[in-house]
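Presented below is the structure to which this report refers.
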Amino acid sequence: MERAIDDSVDECPRCGSNSVTTTIERDTFVYGTGADAAELSALVPVHTCSACRFEYTDAVAEEARHEAVCQHLGILAPRQIVGIRKHYRMTRAEFAGLTRFGEASLARWENGSILQNPANDQFLYLLRFPDNVQRLRERAAGKATAVAEQPQVAERKFAAIDIEQKRLEAKSFALNKSPAA
Ligand SMILES: [Zn+2]
């Protein structure tokens, strides 16, 4: 038990009493199985009804445990994913349209019902940087291809000229040499 917080609005789900107190406690749990099993912990609000002594946790606790799992796996937590999307003031549909994530998958990552795989997590991480989002917007607008491909075309052209130049040099060298032989 770490600290008590005032939570008079809570109603006991068992007896309906309003005399529910909330304490923040460290909840320890095991994540994974076998060799991958790890003991994780999270600070969760625990509600206690003083009328019937019922103790319970809610969605806030679930979110805190989920966050501990994400931290353990080194991936973004749901509220961080929501934060990235909201930073750009995009709806789920807009964000899904730009990133090509499935809208349903995005919803599941955001509400914590499923963990994004590591590759998608890396992509989400890159989306924290506005210039990367800008690149996707430009790509969607058809501008990115021209910008990205131009230098490559130019390099190839120079390379071709260079080879042609060397071939001419080689030929003239051979021509110069043969009469003397
Ligand atoms: Zn109660």
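Taking our numbering, the leading residue of the sequence shown gets 281, the next gets one more, and so forth. Each residue gets a CB set at the ideal place from its N, CA and C atoms; glycine is no exception.
- If one requires a minimum length of 3 residues, the beta strand (DSSP E) runs lying completely within the segment 304-333 are 318-329, in chain order.
- Between the alpha carbons of ALA331 and VAL300 lies a distance of about 8 Å.
- Taking LEU406 as the centre and dropping the five residues before and after it, the same chain places the C-beta of ASN412 closer than 7 Å to its C-beta, in chain order.
- Less than 9 Å divides the Cβ of LEU386 from the Cβ of ARG372.
- Annotation for CYS350 indicates a beta carbon at 8 Å or more from all heavy atoms of ligand 1.
- Residue state for GLU335 is assigned as strand, using DSSP reduced to three classes.
- Shortest Cα-Cα distance from GLU291 to any of ALA315, PHE309, GLU335 and GLU343 involves GLU335.
- Distances between the C-beta of VAL300 and the heavy atoms of ligand 1 include at least one below 8 Å.
- Distances between the C-beta of PHE334 and the heavy atoms of ligand 1 include at least one below 8 Å.
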